[in-house]
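Heads up: the sequence shown begins at 13 in my numbering, then just goes up one per residue. All C-beta atoms, glycine included, are put in the ideal place defined by N, C-alpha and C. Encoded as structure tokens, the structure appears first; notes follow it.
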Amino acid sequence: MLDAFVRYLERSPASLLALSIRGMRFPFGLRTPSEMPTIFFSAADSLVEALQPSANRGQYSYRDFLSELLAYLARNDPSRTDRAELLTEAIRLRGPVGAKRALAGMRSQLAQAADYILLAKISGDTKHRRTALELLLEVHGRVPNSPDPLVLLAEELRVGGGLQRPRGNIEPQLRSAVSNGDHDAVLRLSAKLVLQTPHMRRRELGGRGGVATADDYLGVSGQAFIFKQMTRVCHERDLQRGAALSAELAREGLTGKFGVVDHLLTVELEDGPIEEVLSIRRFVSGRTLREVLDDREGQAAASAAGHLRSAVDFLAFTHTRTDGFRERGTWRRSVKTRELGRWLKAVVTDHAAAFDAWVSLVADVPLLPRRDAHAQNWLVAADGRILAVDLDAIGRRPATYELAQLIDDAPVLRPDDWDTRESLLRAYLGQLRRAGIEISWDVALRVYEASTAARAVGLLSDPEGANESRLHGFALLEYLMLNSRSAEVAAWCSSVADGWRVRVGLSDPSRFHAISPADRVRISKAMAYHLRHDPTAATSRGGWMFADDLAELLRASGHKVTPQQLLVIAGAMGEPRFELDELEIRAAYGHSVDRGVVYEPAQPISVLYHAAPASALPSIFEARAGLLPMARRMVHLSDDVAVARQAGERHGEEVVLLRVDTEGMGSDLVRAAQRTWLTERVAVESIVVMTILEEWVLRLED
């Protein structure tokens, strides 16, 4: 394929000059959700020609790739007039070719059904649709624990209606649903299967709200299920508020812009003092608002700005059209115990006085129903609609507080981009004004600035937050302390920023030289490298190194650093990678070089967790290699599901959560940090792939 593509470019010098890409992934680029560049479609016939001879001889991989290529062209190249012929050829290649058998994998079977469905629509031949639906039923019969065939089946029933007298050995309930076109019943059945299979990718949606999605790793069905773990009371409230909001949107004619995800199924979780349920909802195609906002290149950036504005309008709509459910105490007590008051404890010494000062800044605006409005609680559908997720929040918050949460709980806008923030604030106030809620500009801006500062403190204090988020929070405080229109807001931000600098060691003039956030990141990475991986680093037995010696080593590598700065970084709040003993520092774990680290004995624990890249599963299970240290000296495990998943996802790969039975490991298992355990290897017999339901139950127990 690469040779064919290069030959095409050689024959088309104008295309070569206009080429806007640096490389193409053949053939696997077809299996990614991103759009292929225009040049791909121009060169498509050359690519097909290159694959066709080997595919016609029946070679399996060539048939697999060529059928995908043909189907992709039929679906995504609107200029082609031969779409039906392309699909027909793709279908032929997946069947028997000469003496070679049909492609029998799950992906091939689902793709075959999807191509039959599209061919039926293009050609108008209903026989192709029957073939597709009966193929999906057959695949479900062979692999009854997979949700993917039922997802595709449900979607086609929704679009095209039922199928009379479907053939095959089909359970009565499913046969009835297919005959009657009851797509919801089929989708509910698939939602149940999602909980029992590891073959679904899990992605976090909500912040601390326990909201996540699971979607098919094959990438064929395009279905995502939304999960929300909550008490039964919260679940009923969520459904009630969602129904009320949907009715209001319909009444105002806004269902083309906004919506609420459809509820499919409620799963009872384990008995306990509080009744817990798992709510499963449908979301077919799209991304979280956070994911959309993170895409900041070219047209995507302009589109993201429009989606953010739409989310602001939707937030104002929910604030003016839904009631805040009552909660014990006042909004002030809630924010003090759950939000800003708790965050300030990790940032400043006199947190009570800082909280009282903040309350005085926001006390003179109306209280509005709480939405919990961070950018992970909104979905952007493929058609551009904004969908609300997680509607069970209770209580009230000062006007503009949740606007600040929506905009700045994720580092989307630059800290100094207050033109955009003020534009969004004006839009929000305009929506409130239309609902009869009047707030003067000066008051609204002061409260909004104070609310943004509060959310910045949340970013600073989050122990699980990314460094980018902490830097964003600190930059917001610095900007407001220098540029706020309110002297009181500026003074509050200055006080909190100073307290945070001292608390985490960014600067304390009485002892240490200042360390900028960027320098802190750079230096800590260099420290980790030399202490973990540098064989020339002169550490003592146990991996310890005097700060003076480590500073000299870093300076030789080009880093401007002092021993005092290294001591500050190693001993900073929330820094698990290093240990500090007076004037010596060592890496707590992660070594690729033997430092002779001796770990303290710890109480044995029966079960640990590890998040492995999905691409590593064949090596772990099929090759029976188990878990190996790879570039490190030890395998890293965790006693906390969330910590294990976070560690596994740090490189951006799709991961699968594994449960490790530690029985029999004995002294081979040691504790390296609060949540980190180490062992030389884990045998495959001790490893189990966890399903989504098992992970949810563990989180419930925690």
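C-alpha distance - residue i paired with residue j, whole-angstrom precision
i	j	result
A538	D546	10 Å
E9	L488	The structure shown has nothing for residue 9, since the chain only spans 13 to 714.
S496	I406	31 Å
L566	P575	10 Å
R553	R598	11 Å
D620	L290	According to the sequence displayed, residue 620 carries Leu and not Asp. Spanning the two alpha carbons is a distance of roughly 24 Å.
R294	I238	6 Å
A600	R589	5 Å
T300	A255	21 Å
R154	M118	10 Å
R344	R382	13 Å
D196	S54	40 Å
K572	R532	11 Å
V653	I699	15 Å
E707	Q577	40 Å
S24	K240	53 Å
Collapsed DSSP secondary structure at residue i in the structure displayed
i	result
E591	strand
Y621	strand
F270	strand
V682	strand
T432	helix
V700	strand
A400	strand
L380	strand
F38	coil
A102	helix
R200	helix
L277	strand
L391	strand
T691	strand
Q241	strand
V289	strand
T93	coil
T300	strand
S188	helix
Closest residue to residue i among the options (Cα-Cα distance)
i	options	result
A422	R200, A385, L130, N181	A385
S481	P427, S498, R438	P427
G193	P178, R170, L199, I182	R170
S498	P108, V60, V374, G180	V374
L441	A393, L327, V371	L327
L78	L63, P90, G70, N88	L63
S684	R645, I699, V672	Contrary to the premise, residue 684 reads as Ala rather than Ser in this sequence. Of the candidates R645, I699, V672, the one whose C-alpha sits nearest the C-alpha of A684 is R645.
V672	L391, G638, D531	G638
R408	H331, A369, W390, T278	H331
C505	F367, V533, L425	F367
L199	M702, P159, N181	P159
V694	L444, F486, V655, H648	H648
D362	R244, R397, G511, P410	G511
V655	P475, A316, R513	P475
Beta-carbon proximity of residue i to residue j, cut-off 8 Å
i	j	result
L148	P161	yes
L457	A323	no
L99	L131	yes
L399	V272	yes
A416	R350	no
A465	L436	no
E146	R179	yes
L122	L186	no
S618	T703	no
V469	V377	no
Start-to-end residues for the beta strand (DSSP E) that takes in residue i
i	result
P108	Where P108 is concerned, there is no enclosing beta strand (DSSP E), given that its DSSP letter is neither H nor E.
D673	667-673
L115	Note, L115: premise wrong, no beta strand (DSSP E); not H, not E.
E596	596-599
R347	Looking at the sequence provided, one finds Val at residue 347 rather than Arg. That residue, V347, is in no beta strand (DSSP E); its alpha helix (DSSP H) goes 343-350.
S569	Element bounds for S569: n/a, residue is neither H nor E.
P161	It is not in any beta strand (DSSP E) - P161 instead sits in the alpha helix (DSSP H) that spans 160-172.
L649	647-650
P410	408-410
Span of the alpha helix (DSSP H), counted from its first residue to its last, around residue i
i	result
H363	363-374
T50	50-54
L149	138-154
R263	244-263
S627	Note, S627: premise wrong, no alpha helix (DSSP H); not H, not E.
P575	575-582
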